[in-house]
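Shown next, in structure tokens, is the structure this report addresses.
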Amino acid sequence: GGVGMPTGSYVAPKTVWLPAMKAKGLEISGTFARRGGIIQMDLTLTNKAMSVMTDFAIQFNRNSFGLAPAGPLQVLTPLSPNQTIDVSLPLSTSGPVMKMEPLNNLQVAVKNNIDVFYFSCQYPLSLIFVEDGKMERQVFLATWKDIPNDSEAQFQIKDIHLNSDAASNKLQGSNIFTIAKRTVEGQDMLYQSVKLTNGIWVLAEMRIQTGNPNYTVNENQETWRMAPFI
Amino acid sequence: ELEDGVDEAFSRLAESRTNP
Numbered sequence: 592g593g594v595g596m597p598t599g600s601y602v603a604p605k606t607v608w609l610p611a612m613k614a615k616g617l618e619i620s621g622t623f624a625r626r627g628g629i630i631q632m633d634l635t636l637t638n639k640a641m642s643v644m645t646d647f648a649i650q651f652n653r654n655s656f657g658l659a660p661a662g663p664l665q666v667l668t669p670l671s672p673n674q675t676i677d678v679s680l681p682l683s684t685s686g687p688v689m690k691m692e693p694l695n696n697l698q699v700a701v702k703n704n705i706d707v708f709y710f711s712c713q714y715p716l717s718l719i720f721v722e723d724g725k726m727e728r729q730v731f732l733a734t735w736k737d738i739p740n741d742s743e744a745q746f747q748i749k750d751i752h753l754n755s756d757a758a759s760n761k762l763q764g765s766n767i768f769t770i771a772k773r774t775v776e777g778q779d780m781l782y783q784s785v786k787l788t789n790g791i792w793v794l795a796e797m798r799i800q801t802g803n804p805n806y807t808v809n810e811n812q813e814t815w816r817m818a819p820f821i
Numbered sequence: 006e007l008e009d010g011v012d013e014a015f016s017r018l019a020e021s022r023t024n025p
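In structure tokens form, the structure reads like this:
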């Protein structure tokens, strides 16, 4: 968001997950959002077939973080040819867990009166960053010290035209919390924590050089090598 | 007093990461 906009996590534009030609005329596009701790799958269903579609239902395969529909897919009226509807499906993280490849992959089955259709989509890992992910500063220091060196991964994020405070505020909107900030030799060092819905903590150090749009991020976590997704 | 210690510990951490 720009100046004066409320902060919140980034929501990607919807993309086509199921093209009509692969689903007997049903087109599904969607995206994911986390709003105030509620996870939602925002879907657009379009009927590109010649006949009416009814009896919609949705199911997920088991996945890395136990994402599951928290209720039925609410398509309350039949979908006529050329009609489009938007549906928000609330999700829980209490479904069955199985590590997926890639980690953030979600396999979905949608049925209607015509057939059952399958597609895969990928969610941003920030979907499962919880609101109480700000680690106590002493705990952060102790944890950082205890994490083995080979659990650390380094990334460059290029072309970020924000100063460290603006970046920090923006990241907080996605539940990435800055615990401490220090400036050493012209570099801002931000120490950050993230907590996932399954209780895993991720610790990060972000380095920002004034005037350099490329950030360096060091991430520490002990399980699942999830740094690239984060 | 404890807070001072934590503040200092973060300064030392940032320092050590910049000049290992």
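Protein chains in written order, with this note's numbering: chain Z, 592 to 821; chain B, 6 to 25. Backbone N, C-alpha and C define an ideal beta-carbon position, used for all residues, glycine too.
Asked: From the DSSP output, which residues share a beta bridge with Z/E618?; Found: Z/T637
Asked: Is it true that the CB of Z/L670 sits closer than 8 Å to the CB of Z/V688?; Found: no
Asked: Nearest to Z/V793 by CA position, among Z/A700, Z/G628, Z/N703, Z/M726, is which residue?; Found: Z/M726
Asked: Whose Cβ in chain B lies nearer than 9 Å to the Cβ of Z/Y782?; Found: F15, L18, A19
Asked: Comparing C-alpha positions only, which one of Z/S711, Z/A640, Z/L682, Z/A757 sits nearest to Z/G628?; Found: Z/L682
Asked: Between which residues of its own chain and Z/F710 is the CB-CB distance below 6 Å, once the five residues before and five after are set aside?; Found: W608, L609, V699
Asked: DSSP state of Z/L780, grouped into three classes?; Found: The residue asked about is misnamed: residue 780 of chain Z is Met in this sequence, not Leu. In the structure shown, Z/M780 sits in a strand (DSSP, three-state: E or B).
Asked: So which residues of chain B does Z/V775 contact, with C-beta pairs closer than 7 Å?; Found: A19, E20, T23
Asked: Report the three-state DSSP secondary structure of Z/Q665 (helix, strand or coil).; Found: coil
Asked: How big is the Cα-Cα spacing for Z/T774 and B/R22?; Found: 12 Å
Asked: Here's the rule I'm using: 16 or more other beta-carbon atoms within 10 Å means buried, otherwise exposed. How should Z/D741 be labelled?; Found: exposed
Asked: Just mark Z/N766 as buried or exposed, buried being the case when its beta carbon has 16 or more other beta carbons within 10 Å.; Found: buried
Asked: Does DSSP put Z/R653 in a helix, in a strand, or in coil?; Found: coil
Asked: Contact between the segment 615 to 633 of chain Z and the segment 714 to 729 of chain Z is defined here as three or more beta-carbon pairs at a separation below 8 Å; is this criterion met?; Found: yes
Asked: Could you name each continuous alpha helix (DSSP H) segment of 4 residues or more that falls completely within the segment 654 to 724 of chain Z, going from the start of the chain to the end?; Found: none
Asked: Is it buried or exposed for Z/N803, if we count other Cβ within 10 angstroms and need 16 for buried?; Found: exposed
Asked: Determine the burial state of Z/Y714: buried for a count of at least 16 other Cβ atoms within 10 Å of its Cβ, exposed for fewer.; Found: buried
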